[in-house]
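I have placed the structure first, in the form of C-alpha cells, so that the comments after it can refer back to it.
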Amino acid sequence: MSARGDVTAFDLQVMALLLRQARRLQGLSGAMMALTALWLVLAAAGVGATPGLSPWLLLASGVAGLAQGFCAARVDFDVSLLQRLDDGDVLSAARRLDASLIGLGLMSPARAGRDWHQRWQGMRRLVAYQAAWLVLQASLLAVACLAARPHGGV
Numbered sequence: 094m095s096a097r098g099d100v101t102a103f104d105l106q107v108m109a110l111l112l113r114q115a116r117r118l119q120g121l122s123g124a125m126m127a128l129t130a131l132w133l134v135l136a137a138a139g140v141g142a143t144p145g146l147s148p149w150l151l152l153a154s155g156v157a158g159l160a161q162g163f164c165a166a167r168v169d170f171d172v173s174l175l176q177r178l179d180d181g182d183v184l185s186a187a188r189r190l191d192a193s194l195i196g197l198g199l200m201s202p203a204r205a206g207r208d209w210h211q212r213w214q215g216m217r218r219l220v221a222y223q224a225a226w227l228v229l230q231a232s233l234l235a236v237a238c239l240a241a242r243p244h245g246g247v
C-alpha cells in the first residue's frame, strides 16, 4: 500500500501472496495430525503404550489441529477472494465483495464498508490465530511424547 493509504490491484495481489505462505503452517499441522492419528490407532490396536494423560494430550493436540485447519480454510478463502479482485477500481471491488458476502450470509451488514487497511489487519489476525493453534498443537504433541516415555532406564 502506498503511504497515502491508496490500495491498488497490485497491493491486493501482494496481500494474497503473503497470505499464501500460511499454507506451510497447514502442511506442518497435517503432518502432526497424521502422526497423532497413527499413534492413537496403534495404541487402540494394543501396539505401544499411551500411559497416563498421553491419550488426552493426543486428543487435545488433534482438536488444536482442527482449529488450525479452520483458520487455514478462512485464510485460503481470503487468498482466493483477493486473487479475484484484480480490476482497476479497488474501492468498487470492495463494495462488490461486501455485497456478495452479505448476500451469501457470510458477513454481517455492520462490517460492510471497511477500508483495506482494516481488512488486511483482519487477514493477518487470522494467520496469527492459525500459527497460535499450530504452536499449541505441536506443544501438546510434544508433551504427550514426553508423558508416554518410560521413566527410568536409558
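Numbering (this note's numbering), first residue to last: 94 to 247. C-beta: ideal position from N, C-alpha, C; glycine also. Keep in mind that this is a model prediction, so the values were computed, not measured.
Spatial neighbours of residue i in its chain, beta-carbon cut-off 8 Å, leaving aside the 5 residues before and after
i, result
"Ala96", "Because the pLDDT at Ala96 is just 47, under 50, the model does not fix this residue reliably, and the point stays unresolved."
"Met108", "Leu175, Trp213, Met216"
Assumed close pair residue i, residue j - CB separation to whole angstroms, cut-off 8 Å
i, j, result
"Val236", "Leu133", "About 15 Å separates the two Cβ atoms, so there is no contact after all."
"Gly158", "Ser122", "5 Å"
Inter-residue Cα distance where the pair is residue i and residue j
i, j, result
"Arg116", "Ala225", "14 Å"
"Asp208", "Val183", "10 Å"
"Met125", "Arg218", "23 Å"
"Gln223", "Ala127", "18 Å"
"Ala130", "Ala160", "16 Å"
"Leu239", "Gly145", "11 Å"
Residues of its chain near residue i, where Cβ-Cβ distance is below 6 Å and the 5 sequence neighbours each way are ignored
i, result
"Val172", "Ala109, Leu112, Arg113"
Beta-carbon proximity of residue i to residue j, cut-off 8 Å
i, j, result
"Leu105", "Leu178", "yes"
"Ala153", "Leu233", "yes"
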